[in-house]
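When the count follows numbering that gives the first Met the number 0, it moves up by one through the sequence shown with no breaks and lands on 935 for the last residue. Cβ coordinates follow ideal geometry from the N, Cα and C atoms, glycine included. Quantities reported herein were computed from a predicted structural model and do not represent experimental measurements. In what follows, a structure is listed as structure tokens, so that the remarks can point back to it.
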Amino acid sequence: MPGLRPDYAGVLVADHESGGGAAERLIVGRAPETAALTSFLRTAVREGGAQLLTGDPGMGKTELLNAAARQAESMGARVLRASGSEYETGLSFAGLHQLMLPVVETLPELPGHHRAALATALGLDRGDPPSRLALTSALLDWLRRLSSTAPLVLVVDDLQWVDRPSVVVLNLVARRIGGLRVGLLLSQRTGHESFFDRASVPELALPPLGDDDALSLLRRRHPNLHSSVRHRILADAGGNPLALIELPRSLTAAQESGADFLPPTLPLSVRLTWLFERRVSALPAPTRRLLLLAALGDGDGTGLTEVVAGSSADLAPAEVSGLASVDRRANRLLFAHPLIRSAVVDLATAPERRAAHQRLARLAAGQDVRALHLAEAALGPDDRVAHLLVEVADAALERGDTVQAVSLLLRAADLTLDPSEKARSLAQAAYIGANFAGTLAGARALLERARTADPGVTSTLQASNAAAAHLLNSEGDIDTAHKMLVSALDHADPVPEHASELEEALRTLMMICTFGGRPELWKPFDEAVARLAPLLTAPFRLAAATFGDPVRSAPEQLRELDALVAGLDEETNAILVVTVALAGQYVDRVPRAALERAATEGTSGGAVALAVQALIMLAVGAFLEGRWEEAGALADEGIALCQEHGYEILVWGAQNPRMLLAAARGDFEYIARARARMHQWAIPRNAMAVRTFTSNIEGLAALTQGRHQDAYEHYTSICPLGTFPPHEQVTVWTVMDAVEAAVRSGHGDEARAHVRAAAKADLAGISPRLRFLCEASAALVADDDSYPDLFEPLVCDPGSARWPFPLARLELAYGERLRKDRAMRAARPHLERAGRLFSDLGATPWAERAEAALHATGQKRRPSAAGPGAALTPQERQIAELAATGMTNRQIGELLSLSPRTVGAHLYRVFPKLGIASRAALRDALTDMSNGQASP
0 MPGLRPDYAG
10 VLVADHESGG
20 GAAERLIVGR
30 APETAALTSF
40 LRTAVREGGA
50 QLLTGDPGMG
60 KTELLNAAAR
70 QAESMGARVL
80 RASGSEYETG
90 LSFAGLHQLM
100 LPVVETLPEL
110 PGHHRAALAT
120 ALGLDRGDPP
130 SRLALTSALL
140 DWLRRLSSTA
150 PLVLVVDDLQ
160 WVDRPSVVVL
170 NLVARRIGGL
180 RVGLLLSQRT
190 GHESFFDRAS
200 VPELALPPLG
210 DDDALSLLRR
220 RHPNLHSSVR
230 HRILADAGGN
240 PLALIELPRS
250 LTAAQESGAD
260 FLPPTLPLSV
270 RLTWLFERRV
280 SALPAPTRRL
290 LLLAALGDGD
300 GTGLTEVVAG
310 SSADLAPAEV
320 SGLASVDRRA
330 NRLLFAHPLI
340 RSAVVDLATA
350 PERRAAHQRL
360 ARLAAGQDVR
370 ALHLAEAALG
380 PDDRVAHLLV
390 EVADAALERG
400 DTVQAVSLLL
410 RAADLTLDPS
420 EKARSLAQAA
430 YIGANFAGTL
440 AGARALLERA
450 RTADPGVTST
460 LQASNAAAAH
470 LLNSEGDIDT
480 AHKMLVSALD
490 HADPVPEHAS
500 ELEEALRTLM
510 MICTFGGRPE
520 LWKPFDEAVA
530 RLAPLLTAPF
540 RLAAATFGDP
550 VRSAPEQLRE
560 LDALVAGLDE
570 ETNAILVVTV
580 ALAGQYVDRV
590 PRAALERAAT
600 EGTSGGAVAL
610 AVQALIMLAV
620 GAFLEGRWEE
630 AGALADEGIA
640 LCQEHGYEIL
650 VWGAQNPRML
660 LAAARGDFEY
670 IARARARMHQ
680 WAIPRNAMAV
690 RTFTSNIEGL
700 AALTQGRHQD
710 AYEHYTSICP
720 LGTFPPHEQV
730 TVWTVMDAVE
740 AAVRSGHGDE
750 ARAHVRAAAK
760 ADLAGISPRL
770 RFLCEASAAL
780 VADDDSYPDL
790 FEPLVCDPGS
800 ARWPFPLARL
810 ELAYGERLRK
820 DRAMRAARPH
830 LERAGRLFSD
840 LGATPWAERA
850 EAALHATGQK
860 RRPSAAGPGA
870 ALTPQERQIA
880 ELAATGMTNR
890 QIGELLSLSP
900 RTVGAHLYRV
910 FPKLGIASRA
920 ALRDALTDMS
930 NGQASP
């Protein structure tokens with residue numbers, strides 16, 4: 000294998016030149032990983048590909064990348080490298096800039112639109128930020144051209160510290176470089192997540208070294224250790240190569256030889272950090288200053304490469320000691336380990352760090368980089384720098400990077416002299432933390448800091464919105480939050496410069512109204528949306544209509560929403576994704592893939608509250624589409640996130656799909672417990688939407704149990720049948736449920752009125768699923784002459800299978816009606832299909848009901864011998880079994896679509912056949928009858 004020569008079993012020795020002369024670097028115990036990387040490179044230089052290397056700090060990821068880079072060069076490939084820096088994760092496209100800077104002279108060869116997109120992203124030109132897709136296309140074109148003459152290998156180390164926009168683009172590139180002769184080799188620390196989709200590329204994990212390999216490495220680097228000391232070092236190092244190399248350096252000669260005792264513990268992290276600092280402190284002052292510049296400015300797009308290029312004499316001691324090396328092609332300084340970078344910064348004095356940041360600010364090409372360095376260089380408050388940070392924070396929020404936005408705003412507040420501006424920054428940070436980032440506890444403290452800085456801030460829209468968002472998400476004080484925000488909106492200036500603040504406030508108010516669940520709360524919201532419509536973004540303007548009042552969604556709004564949903568394929572801004580998803584939630588236009596990305600980001604350290612909302616919508620969608628196991632898992636994840644981060648009101652939204660599952664599957668104890676907790680918390684806070692949630696769930700539970708009158712009462716408690724009141728969002732989902740409950744409980748006129756009202760509102764025109772529910776409702780209310788003509792097209796349409804639960808209920812209703820009309824043979828296929836669908840969903844009570852109905856048609860699964868009860872007809876036996884459970888004649892009649900009088904007549908005939916005189920003896924008689932029948 001070129002560039003690598005085998006040493007002995009499990010050990011490879013890599014020869015290369017470092018800046019300080021010839022050196023030998025060992026890669027011990029990594030033969031399988033080296034072989035895997037060799038295989039990857041051989042494929043990549045021919046047809047492209049991506050590979051991710053993961054492992055704990057000190058496991059040798061960087062050394063393996065170095066060896067792979069040398070091997071790629073020996074194969075004739077051109078290698079471009081970048082490395083993440085923990086100080087620059089908030090600098091957009093810093094990683095991409097670092098990676099592609101060595102070939103930037105070839106940028107003019109690209110077509111104009113590709114050149115413009117890349118130049119803007121890399122900070123080489125001004126312009127509107129390119130879209131993710133446009134930038135990816137441009138980068139792929141650039142890579143294709145670069146690889147046309149020789150293979151190209153991109154090596155990115157410490158992916159967990161690469162800025163998010165660069166990671167997103169690299170993730171997209173990784174999935175599209177097949178056939179380009181471009182390899183993408185990345186490394187990421189275990190336990191550190193990034194925005195890179197690890198599932199999209201093969202992953203090669205570096206485990207701890209095995210005992211033999213660890214011993215080999217320790218012997219090579221520290222040959223004079225006593226065996227007892229060596230054993231102790233092996234035990235404490237736990238197979239970590241860096242610890243094996245560094246831990247012995249802290250020992251005295253007597254300890255190395257075993258002549259002196261070792262301390263009881265050798266704390267790995269403390270000892271390694273101390274060792275790095277000692278090694279760094281031994282360097283000459285000019286070397287430490289250069290390393291400090293590199294540590295604070297590495298990869299941020301500054302002119303640091305020119306400084307490195309002109310400082311070879313100062314850098315030589317660091318290269319000789321193995322602390323750092325230089326990528327000669329890029330004139331870029333590379334640290335041997337991230338802890339060295341940390342040690343360099345820790346050892347520097349505060350004046351030295353400020354001076355370094357000031358120099359880096361002067362070298363910075365972009366305003367965002369300059370602002371960050373100026374902030375770190377500031378000795379005290381500086382309103383000019385604070386203003387720059389606020390602008391960078393605004394840009395971060397526009398990208399959906401809520402966590403970074405909060406961090407920048409807090410730093411800006413620290414640097415602000417003007418009390419009102421300080422308070423504004425703190426209030427905005429509190430709002431983002433409460434509504435998006437998941438820092439509710441911190442939001443309260445930030446609001447207090449804002450009031451302390453400027454008591455007058457409480458009258459501003461920004462502070463009112465922050466306080467309302469905190470009240471809603473933590474204490475759930477609906478009325479106080481509503482009053483506060485409505486008043487602030489009434490007094491706000493409707494001017495373009497306040498557009499974002501106005502929309503943020505309206506977003507919070509919309510959620511207050513949703514959870515408040517009362518018509519009077521929505522009136523000021525609707526008025527404010529109408530008044531401020533010209534200032535609102537399209538996604539929120541649509542959400543105000545299609546989420547706030549979905550029944551009245553206009554066709555043109557739905558078409559506009561379709562276009563927005565289609566544009567989310569590559570969108571990574573979780574705020575935008577969730578806003579569009581909210582607009583589509585009740586009209587069946589939820590962007591599943593985009594929501595999954597938002598949920599993943601939020602559960603990986605991003606915007607927690609947005610992740611919860613994404614999980615809720617994904618769980619509801621999974622329930623409606625029959626993916627019930629997935630729905631339960633998503634709901635549980637959302638509930639856990641809410642509980643962990645204190646989102647008391649959102650937890651009930653996450654409970655909703657879990658309770659719907661329980662209702663359909665017959666877990667009535669779970670519903671009772673959840674309902675009690677929900678009402679106990681929500682009703683005193685006037686969060687009356689909880690009543691709607693639970694009425695819907697209890698209605699479905701009653702349908703599941705065959706308590707159709709109870710179901711009817713639950714659904715009519717939401718709204719009278721035949722009406723769709725404004726802002727009763729859930730009514731678009733309950734059309735078929737309410738009609739079924741009304742039909743089966745003898746309220747046929749109301750059921751038909753509801754079908755007519757749905758037709759008048761054109762609910763069928765909103766989405767295919769709502770069309771199915773409306774047509775199914777029409778079939779349920781059809782008269783005896785026409786019902787087959789309405790049922791048949793629905794149950795025979797393959798598209799109906801997209802909604803298995805309502806389809807199964809429709810099959811059941813159709814089969815039961817055919818059975819009632821004595822069309823037993825025609826009924827059986829529908830009842831069989833209903834039973835299978837219910838069984839597949841785990842809806843056991845419904846499956847049992849379908850089985851009982853099938854049995855009542857005379858279809859038997861097993862032959863029965865003569866004996867007690869043998870003369871019972873299938874329907875008589877079904878009624879007797881239901882009566883034995885304690886159900887009343889009315890309940891049995893509702894379940895079987897029979898009148899109570901007919902049920903009583905059947906039981907009157909059953910008693911003498913079983914030899915009993917009362918209902919109390921039914922259970923024992925039926926048991927005796929079953930025991931007396933022959934086995935199959």
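Proximal residues to residue 616 (C-beta, below 7 Å), its chain only, five neighbours per side dropped: Translated into the one-based positions of the sequence shown, residue 616 becomes position 617. Closer than 7 Å at the Cβ level, and outside the excluded window around residue 616, lie 580, 584, 589 and 594.
Where does residue 110 land, buried or exposed, given buried means 16+ other C-beta within 10 angstroms? Taking the sequence shown and counting its residues from 1, the one referred to as residue 110 is at position 111. Classification of residue 110: exposed, given that the 10 Å Cβ count is below 16.
Report the CB separation of residue 106 from residue 117 in whole angstroms; it is logged as a contact under 8 Å. Residue numbering aside, residue 106 sits at position 107 when the sequence shown is read from its first letter. Residue numbering aside, residue 117 sits at position 118 when the sequence shown is read from its first letter. At roughly 6 Å, the Cβ-Cβ gap stays under 8 Å, so residue 106 and residue 117 are in contact.
Span separating the alpha-carbon of residue 38 from that of residue 73: Taking the first residue of the sequence shown as 1, we reach residue 38 at position 39. Taking the first residue of the sequence shown as 1, we reach residue 73 at position 74. Roughly 14 Å between the two C-alpha positions.
Close beta carbons around residue 374, own chain, < 7 Å, minus the five adjacent residues each side: If you number the sequence shown from 1, residue 374 lands on position 375. Here the set comprises 384, 388, 410 and 414.
With which residues is residue 49 paired in a DSSP beta bridge? Here residue 49 refers to the residue found at position 50 of the sequence shown. In the DSSP secondary-structure assignment, residue 49 is bridged to 183.
7 Å CB neighbourhood of residue 515 in its chain, flanking five on each side removed: By 1-based counting over the sequence shown, the position of residue 515 is 516. Cβ neighbours of residue 515 beyond the five flanking positions: 477, 481, 685, 686, 687 and 688.
Residue 176 versus 89, 187 and 199, residue with shortest Cα-Cα distance: Looking up residue 176 in the sequence shown gives position 177. Among 89, 187 and 199, the Cα nearest to that of residue 176 is on 199.
Counting Cβ pairs closer than 8 Å, one from the segment 607–615 and one from the segment 635–653, do we hit at least three? yes
What are the boundary residues of the beta strand (DSSP E) that residue 435 is part of? Taking the sequence shown and counting its residues from 1, one reaches residue 435 at position 436. Bounds of any beta strand (DSSP E) do not take in residue 435, whose DSSP letter is neither H nor E.
Apart from the five residues just before and just after residue 564, which ones in its own chain have a Cβ nearer than 7 Å to its Cβ? Along the sequence shown, read from residue 1 onward, the residue named residue 564 stands at position 565. Excluding residues within five positions, the ones whose Cβ falls inside 7 Å are 579, 583, 588 and 590.
Cα-Cα, which of 739, 712 and 825 is closest to residue 806? Against the sequence shown, residue 806 aligns to sequence position 807. For the residues 739, 712 and 825, the minimum Cα distance to residue 806 belongs to 739.
From 66, 101 and 602, pick the residue whose C-alpha is nearest to that of residue 81; which is it? The residue labelled residue 81 in the question sits at position 82 within the sequence shown. Nearest to residue 81 by C-alpha distance, out of 66, 101 and 602, is 101.
Reduced DSSP secondary structure (H/G/I, E/B, other) of residue 962: Since the first and last residues shown for the chain are 0 and 935, residue 962 lies out of range.
DSSP state of residue 672 mapped onto helix, strand, coil: The residue labelled residue 672 in the question sits at position 673 within the sequence shown. Helix, per DSSP.
Decide if residue 103 is buried, meaning its Cβ has at least 16 other Cβ atoms within 10 Å, or exposed. Taking the sequence shown and counting its residues from 1, one reaches residue 103 at position 104. Exposed: under 16 other Cβ atoms inside 10 Å.
Let me know the secondary structure DSSP gives residue 151 once reduced to three states. By 1-based counting over the sequence shown, the position of residue 151 is 152. Three-state result, residue 151: strand.
CB contact flag (residue 575, residue 531, <7 Å): On the sequence shown, position 576 is the one that residue 575 refers to. On the sequence shown, position 532 is the one that residue 531 refers to. Cβ atoms of residue 575 and residue 531: not closer than 7 Å.
Using a 10 Å radius around the Cβ and a threshold of 16 neighbouring Cβ atoms, would you call residue 637 buried or exposed? Locating residue 637 in the sequence shown gives position 638, counting from the first residue. Classification of residue 637: buried, given that the 10 Å Cβ count is 16 or more.
Do the CB positions of residue 883 and residue 922 come within less than 7 Å of each other? On the sequence shown, residue 883 is found 884 positions in, with the first residue counted as 1. On the sequence shown, residue 922 is found 923 positions in, with the first residue counted as 1. Yes.
Going residue by residue through the segment 156–236, where are the continuous beta strand (DSSP E) segments of at least 3 residues, counting only ones entirely within it? You should have 181–188 and 202–205.
May I have the straight-line CA-CA distance separating residue 748 from residue 735, to the nearest angstrom? Taking the sequence shown and counting its residues from 1, the one referred to as residue 748 is at position 749. Taking the sequence shown and counting its residues from 1, the one referred to as residue 735 is at position 736. Residue 748 and residue 735: Cα-Cα distance of roughly 15 Å.
In the DSSP assignment, the alpha helix (DSSP H) including residue 741 goes from what residue to what residue? The count along the sequence shown starts at 1 and reaches residue 741 at position 742. Where residue 741 is concerned, the enclosing alpha helix (DSSP H) stretches over 734–743.
At least three beta-carbon pairs within less than 8 Å, the segment 668–683 to the segment 647–655: yes
Just to confirm, are residue 763 and residue 720 a CB contact at a threshold of 7 Å? Taking the sequence shown and counting its residues from 1, one reaches residue 763 at position 764. Taking the sequence shown and counting its residues from 1, one reaches residue 720 at position 721. No, the pair does not count as a contact, with Cβ atoms beyond the cut-off.
Neighbourhood of residue 258 by C-beta, 7 Å cutoff - its chain only, sequence neighbours within 5 removed: Working through the sequence shown from its first residue, we reach residue 258 at position 259. Any answer about residue 258 is weak, because its pLDDT of 46 lies below 50 and its placement is not dependable; what the coordinates show is given next. Cβ within range, chain order: n/a, list empty.
Beta-carbon proximity check, residue 545 vs residue 556, cutoff 7 Å: Taking the sequence shown and counting its residues from 1, the one referred to as residue 545 is at position 546. Taking the sequence shown and counting its residues from 1, the one referred to as residue 556 is at position 557. With respect to the 7 Å criterion, residue 545 and residue 556 are classified as neighbours on the basis of their beta carbons.
Determine the closest residue to residue 461 out of 446, 849, 471 and 473, with distance taken between C-alpha atoms. For the purposes of this step, residue 461 is taken as residue 462 along the sequence shown, with counting starting at 1. Nearest C-alpha to residue 461: 446.
Three-state class that DSSP yields for residue 760 in the structure shown: By 1-based counting over the sequence shown, the position of residue 760 is 761. In this structure, residue 760 counts as coil in the three-state DSSP scheme.
Return the first residue and the last residue of the beta strand (DSSP E) that residue 78 is part of. Working through the sequence shown from its first residue, we reach residue 78 at position 79. Here the beta strand (DSSP E) through residue 78 covers 77–82.
Distance between residue 404 and residue 395 (C-alpha atoms, nearest Å): Translated into the one-based positions of the sequence shown, residue 395 becomes position 396. Translated into the one-based positions of the sequence shown, residue 404 becomes position 405. Taking the straight line joining both Cα atoms gives about 5 Å.
Residue 488 versus residue 408 - alpha carbon distance: Here residue 488 refers to the residue found at position 489 of the sequence shown. Here residue 408 refers to the residue found at position 409 of the sequence shown. So the alpha carbons of these two residues sit roughly 23 Å apart.
What are the boundary residues of the beta strand (DSSP E) that includes residue 723? In the sequence shown, the residue the question calls residue 723 occupies position 724. Unbroken run through residue 723: none, as it is neither H nor E.
Apart from the five residues on each side of it in sequence, which residues of its chain come closer than 6 Å, Cβ to Cβ, to residue 697? Along the sequence shown, one-based indexing puts residue 697 at 698. Answer for residue 697: 713, listed in chain order.
Which residue wins for smallest C-alpha separation from residue 206, given the options 455, 442, 56 and 130? On the sequence shown, position 207 is the one that residue 206 refers to. Selected option, being the one with the closest Cα: 56.
Among 223, 419 and 247, which residue has its Cα nearest to the Cα of residue 234? Translated into the one-based positions of the sequence shown, residue 234 becomes position 235. Answer by Cα proximity: 247.
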